[in-house]
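Heads up: the structure comes next, in structure tokens.
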Amino acid sequence: MDLAERLVGIVEPTLDDMGYELVRVLIQGTRRQTVQVMAERRDSVPMTVEDCADISRALSAVLDVEDPVAGAYNLEVSSPGIDRPLTRARDYEVWAGFDIKLETRQLLDGRKRFSGRLLGLDPDGNIRIQGDEGAWLVPLDAVWKAKLVLTDELIEFVTRQEAEH
Numbered sequence: 022m023d024l025a026e027r028l029v030g031i032v033e034p035t036l037d038d039m040g041y042e043l044v045r046v047l048i049q050g051t052r053r054q055t056v057q058v059m060a061e062r063r064d065s066v067p068m069t070v071e072d073c074a075d076i077s078r079a080l081s082a083v084l085d086v087e088d089p090v091a092g093a094y095n096l097e098v099s100s101p102g103i104d105r106p107l108t109r110a111r112d113y114e115v116w117a118g119f120d121i122k123l124e125t126r127q128l129l130d131g132r133k134r135f136s137g138r139l140l141g142l143d144p145d146g147n148i149r150i151q152g153d154e155g156a157w158l159v160p161l162d163a164v165w166k167a168k169l170v171l172t173d174e175l176i177e178f179v180t181r182q183e184a185e186h
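Following my numbering, the numbering of the sequence shown begins with 22 at its first residue and continues without gaps.
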């Protein structure tokens, strides 16, 4: 089990107890590592600075006890933002209809980068994308990284959602 997987196992239960959902754990740097925890509220209310501060305090305490990171490190807690990463299967359903950029671990149909309109998942769990050059089915387990593309349409949608809360 690598460090990121271990951190997921440590932080996810704490976030769950607090009413948040883990979006991603990312470890950056070599000399002094940064552990980035990205979370969102389970009730779909937009994240606030206070939410991030509450999560940071709680996770700091848990990570001090578990001590999974060798040496000193920085803990960063953030929300996914508008052009959020897509990290879970359900993200590809929730955000269907918006533009995405996706990169795979290995070549698929002679390419690693795909962009276009996200059409959701097919019955086999493949990500459906309609791009200018054609349509693609990308296996979920082949994805290295994926994120929404910041467009006026996305900003409008997120702004409307935030106004409802």
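Ideal Cβ placement from N, Cα and C applies to all residues, glycine included. Predicted model only: the values in this text are computed from it and were never measured.
With respect to arginine 134, leucine 142 sits apart: the two C-beta atoms are not nearer than 8 angstroms. Taking every protein chain shown into account, the CB of leucine 36 has 16 or more other CB atoms within 10 angstroms, so this residue is buried.
Annotated three-state conformation of valine 86 is helix, per DSSP.
Secondary structure of alanine 167 (DSSP, three-state): strand. DSSP lists Gln151 as the beta-bridge partner residues of alanine 156. A straight line joining the alpha-carbon of aspartate 75 with that of leucine 84 spans about 14 angstroms.
Where leucine 175 is concerned, the enclosing alpha helix (DSSP H) starts and stops at 173-185. Shown here, methionine 59 sits in a strand according to DSSP, grouped into three states.
Rounded to whole angstroms, glycine 50 and leucine 28 show a C-alpha spacing of 16 angstroms.
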